[in-house]
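**Q** Quick note: this note's numbering has the sequence shown finishing at residue 225, numbered continuously throughout.
For glycine and all other residues, C-beta sits at the position ideal for the given N, C-alpha and C.
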Amino acid sequence: MKADNVLESEIVSLLEEGELCPVCRSMEKSVDGWIVGAFSNLLHNESARIELKRNGLCKAHLKRIVGVAKERTEVGSLAVSIMFKEILAAQVTWLDRKEVGFLSRKKPKSGSCVLCSVASNTEKIYLSAFAKFLQGDEVQRSYENSRSVFCVNHARYIIKNMRNLYGKWLVEIQRNKYEELAEEIENYISKHDYRNTTLVGQERHAWLKASKLIGERDERNIW
Ligand SMILES: [Zn+2]
Ligand SMILES: [Zn+2]
Numbered sequence: 003m004k005a006d007n008v009l010e011s012e013i014v015s016l017l018e019e020g021e022l023c024p025v026c027r028s029m030e031k032s033v034d035g036w037i038v039g040a041f042s043n044l045l046h047n048e049s050a051r052i053e054l055k056r057n058g059l060c061k062a063h064l065k066r067i068v069g070v071a072k073e074r075t076e077v078g079s080l081a082v083s084i085m086f087k088e089i090l091a092a093q094v095t096w097l098d099r100k101e102v103g104f105l106s107r108k109k110p111k112s113g114s115c116v117l118c119s120v121a122s123n124t125e126k127i128y129l130s131a132f133a134k135f136l137q138g139d140e141v142q143r144s145y146e147n148s149r150s151v152f153c154v155n156h157a158r159y160i161i162k163n164m165r166n167l168y169g170k171w172l173v174e175i176q177r178n179k180y181e182e183l184a185e186e187i188e189n190y191i192s193k194h195d196y197r198n199t200t201l202v203g204q205e206r207h208a209w210l211k212a213s214k215l216i217g218e219r220d221e222r223n224i225w
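(1) Can you grab the Cα-Cα spacing for the pair LYS214 / LYS179, in whole Å?
(2) Compute the Euclidean distance between the alpha carbons of VAL14 and TRP96, then round it to the nearest angstrom.
(3) Among LEU16, ALA40 and PHE41, which residue has its Cα nearest to the Cα of MET29?
(4) At a cut-off of 7 angstroms, would you count CYS118 as near ligand 1, judging by its Cβ distance to the nearest heavy atom?
(5) Can you tell me where the alpha helix (DSSP H) with LEU17 in it begins and where it stops?
(6) If I measure Cβ to Cβ from ASN163 and keep anything under 8 angstroms in the same chain, skipping five residues before and after, which residues do I get?
(7) When burial is assigned at 16 or more other CB atoms within 10 Å of the CB, is GLU186 buried or exposed?
(8) With distances taken Cα to Cα, identify the nearest neighbour of VAL70 among SER119, SER32 and ASN47.
(9) Whole alpha helix (DSSP H) runs in the segment 166-216 with 4 or more residues, listed along the chain?
(10) Would you please state the rounded distance, in angstroms, between the beta carbons of LEU64 and VAL116? I believe it to be under 8 angstroms.
(11) DSSP on SER150, reduced to helix/strand/coil?
(12) With DSSP as the reference, identify every bridge partner of LEU22, one or two as the case may be.
(13) Is it true that the CB of GLU76 sits closer than 8 angstroms to the CB of VAL38?
(14) Nearer than 7 angstroms: is that true of the beta carbon of PHE132 relative to any heavy atom of ligand 1?
(15) Going by DSSP in three states, GLU140 sits in which element: helix, strand or coil?
(16) Touch check for the segment 145-156 and the segment 19-27: three-plus C-beta pairs under 8 angstroms?
(17) For HIS194 and ALA212, I'd like the C-alpha separation in whole angstroms.
(18) From ASP98 to ALA121, what does the alpha carbon distance come to, in whole angstroms?
(19) So, ILE84 versus LEU59, is the Cβ gap smaller than 8 angstroms?
In structure tokens form, the structure reads like this:
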């Protein structure tokens, strides 16, 4: 799929259907979709098996495969067991080969973990679609009124790729949305005071929301 194939209506429903970052959300969806597609029909999906074995998987996506296997019966632990056994067997040959499997603090390069590539393709597609459609009135209103909030890194990318005027608009909206969240966190913190007698409500989730929005000052994240 290409960015040009994303419709404005799809962008609007992405904004309306959930909370937190709609770009992160679509990346997670495409990763889960790939996992379900690969593992629910593993025996007949030779190309997925090859891709899973080629470069192995990053820690985050291994964890996600395990999560999907537990959550979704059509995946299940059997298919994942078969695949993990094949991956292990393939990686035995890595042990005495110097050119693969080095320890590095760097993030995986694109093309290593197959699910990182799936996620990064989706990311590119939706980032350019958002940068394009957020320059229109209707999509802007829909973002302002939605519970969606771009994470810091995705907001930075979109701001950089919009015309200046629209970039300024988005900076302002992001600032408001992050301030609202900071207030919720503040609320949660203040309820920990021993003098507090009111119950903790929705604000108990605020710090978890923040964990999904905070970025990292790394130029590689801004492509
Ligand atoms: Zn994001
Ligand atoms: Zn990965």
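**A** Result, derived from the coordinates:
(1) 14 angstroms
(2) 46 angstroms
(3) LEU16
(4) no
(5) 10-19
(6) LEU129, SER130 and ALA133
(7) buried
(8) SER32
(9) 166-192 and 208-213
(10) Between VAL116 and LEU64 the Cβ distance is about 12 angstroms, and since that is not below 8 angstroms, they are no contact.
(11) strand
(12) SER150
(13) yes
(14) no
(15) helix
(16) yes
(17) 18 angstroms
(18) 31 angstroms
(19) no
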